[in-house]
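Each remark here refers to the structure printed beneath this line.
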Amino acid sequence: MRQAFFLILFVSLNVSISDAQAEFNYCLRPNGTQRNQSLIKYVLERLNKTSCTEINESEISGIKSLYWKFVRGELDPTDLYGLENLDSLKLGHYFGSTHLPDEFFKYVPNLLELEFHQVSVTELSPEVLNGLSSLKRLFIVGNTAISLVNEQFKYVPGLEELVMDDGVINTIAPGAFRGLTQLKALFLENVRDVKTLDIGLFSPMHESLEILALPYAQYTSIERVLALNDFDQLKVFDITWGTIWREREGDHLAIWTQLKSLLGDRLKLE
334 MRQAFFLILF VSLNVSISDA QAEFNYCLRP NGTQRNQSLI KYVLERLNKT SCTEINESEI
394 SGIKSLYWKF VRGELDPTDL YGLENLDSLK LGHYFGSTHL PDEFFKYVPN LLELEFHQVS
454 VTELSPEVLN GLSSLKRLFI VGNTAISLVN EQFKYVPGLE ELVMDDGVIN TIAPGAFRGL
514 TQLKALFLEN VRDVKTLDIG LFSPMHESLE ILALPYAQYT SIERVLALND FDQLKVFDIT
574 WGTIWREREG DHLAIWTQLK SLLGDRLKLE
């Protein structure tokens with residue numbers, strides 16, 4: 334009788350343990366649907382595992398950095414569920430859509446650094462970054478083409494470094510950088526829009542900005558940018574290979590001379 338009791342107890346405990354183990358399956362989103370396959374692949378590699386059943390929740394939450402590349406298939410914010418301690422994420426080679434879901438990063442609120450690397454996103458809604466109030470560095474590298482709308486970065490007010498290079502920026506709304514009062518470095522390459530590239534764009538960061546780089550910018554007049562003498566912290570102003578840089582004569586000569594006089598060693602020339 335006693336043996337039968339212990340056998341039942343042992344079987345019962347085993348079932349409970351198995352059920353507990355089965356409760357967490359990293360391959361599934363919280364709602365039970367399949368998590369994005371490309372993300373599963375890189376998480377498994379990151380943890381040196383071969384299947385989702387080998388992963389426990391503590392291992393997932395212990396991941397601090399992740400390079401999620403060759404992104405394929407449907408994306409959902411819950412794909413990132415469980416990675417709440419992630420502080421660095423690189424999203425690379427994504428050509429599945431021209432936009433990302435709103436609040437896509439809400440389950441990784443502790444991100445300090447985020448990079449989009451060679452993505453097809455042309456519509457980056459401000460809502461995509463909703464929930465990333467801790468973000469300090471944002472890199473958008475090798476994008477096909479993108480436009481910045483008013484209050485583009487309103488959900489990341491603590492941003493200190495913004496880099497957009499090796500791609501194309503179609504247009505920049507006049508209030509695109511509104512709220513970025515802590516930004517120290519701004520790098521914008523290949524700005525096509527010639528109408529809105531003036532000091533009004535950068536005024537929100539006039540007390541913090543140390544580096545302003547506008548290489549290859551296709552503007553033809555930057556008189557209002559001369560107001561950069563109000564930027565007390567500015568150490569580098571880079572307009573290498575922009576229109577003014579290439580055509581330092583005629584109508585542009587006076588502006589060029591003024592820039593050199595105003596900025597002195599801060600004007601970057603290569």
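All residue numbers for the sequence shown refer to the numbering used here, where the first residue is 334 and numbers rise by one.
All residues carry an ideal CB built from backbone N, CA and C; glycine is no exception.
Keep in mind that this is a model prediction, so the values were computed, not measured.
Can you find at least 3 beta carbon pairs, one from the region 417–426 and one from the region 377–392, that sit closer than 8 Å?
Too few Cβ pairs lie closer than 8 Å, so no.
Put PHE520 into one of helix, strand or coil per three-state DSSP.
Residue state, collapsed to three classes: strand.
Considering only the alpha carbon of each residue, which of ALA506, LYS469, GLY475, GLU493 lies closest to ASN483?
Ranking ALA506, LYS469, GLY475, GLU493 by Cα distance to ASN483 puts ALA506 first.
When the Cα of LEU516 is compared with those of ALA546, LYS469, VAL524, which residue comes out closest?
Nearest of ALA546, LYS469, VAL524 to LEU516, Cα basis: LYS469.
Can you tell me whether LEU413 is buried or exposed? The criterion is at least 16 other CB atoms within 10 Å of its CB, across all chains shown.
Per the 10 Å Cβ criterion, buried.
Assign ASP571 to buried or exposed, taking buried as 16 or more other Cβ atoms, counted over all protein chains shown, within 10 Å of its Cβ.
Buried, by the Cβ-count rule.
Just to check my reading of the structure: ASN358 and GLY406 have Cβ atoms closer than 8 Å, yes? What is that Cβ distance to the nearest angstrom?
Incorrect: roughly 18 Å between the Cβ atoms, too far for contact.
Determine the burial state of SER394: buried for a count of at least 16 other Cβ atoms within 10 Å of its Cβ, exposed for fewer.
Per the 10 Å Cβ criterion, exposed.
Cutting at 7 Å between CB atoms, please list the residues of its own chain near LYS542, excluding the five before and the five after it.
Reading off the sequence, residue 542 comes out as Leu, not Lys. Contacts found: LEU516, LYS517, LEU519, PHE535, PHE564, GLN566, LEU567.
How is LYS423 classed by DSSP in three states: helix, strand or coil?
Note: LYS423 maps to strand in three-state DSSP.
Look at VAL441 and TYR427 and say whether their C-beta atoms are less than 7 Å apart.
Not in contact: VAL441 and TYR427 (Cβ atoms no closer than 7 Å).
Taking the alpha carbon of SER453 as the point to measure from, which residue in LEU495, VAL524, HIS432 has its own alpha carbon closest?
The shortest Cα separation from SER453 among LEU495, VAL524, HIS432 belongs to HIS432.
If I measure Cβ to Cβ from GLN354 and keep anything under 7 Å in the same chain, skipping five residues before and after, which residues do I get?
The predicted position of GLN354 is uncertain, since its pLDDT is 44 and thus under 50; a value taken from the coordinates is nonetheless stated next. Result list for GLN354: empty, nothing under 7 Å.
If you count every other CB in all the chains shown that lies within 10 Å of the CB of GLU456, and 16 or more means buried, which is it?
Counting Cβ neighbours within 10 Å, GLU456 comes out exposed, since fewer than 16 surround it.
Applying the criterion that 16 or more other CB atoms from any shown protein chain within 10 Å of the CB defines a buried residue, is GLY533 buried or exposed?
GLY533 is exposed by the Cβ-count criterion.
For LEU422 and LEU399, which I take to be in contact (beta-carbon distance under 8 Å), what is that distance rounded to the nearest angstrom?
The pair is a contact, with the Cβ atoms about 6 Å apart (cut-off 8 Å).
Could you give the residue range of the beta strand (DSSP E) that holds ILE505?
Note, ILE505: beta strand (DSSP E), 502–505.
Going by CA-CA distance only, name the one from VAL524, PRO537, VAL569 that's closest to ILE544.
Checked all of VAL524, PRO537, VAL569; the closest Cα to ILE544 is VAL569.
Helix or strand or just coil, what does DSSP make of PHE437?
PHE437 falls in the coil class under three-state DSSP.
In the structure shown, what three-state DSSP assignment does TYR375 receive?
DSSP places TYR375 in helix when its eight states are reduced to three.
Report the CB separation of GLU436 from GLU460 in whole angstroms; it is logged as a contact under 8 Å.
6 Å between Cβ atoms; contact.
Take the Cβ of GLY464 as the centre, count every other Cβ of all protein chains shown within 10 Å, and call the residue buried at 16 or more, exposed below.
Buried, because 16 or more other Cβ atoms sit within 10 Å of the Cβ of GLY464.
Going by DSSP in three states, VAL496 sits in which element: helix, strand or coil?
VAL496: strand per DSSP, three-state reduction.
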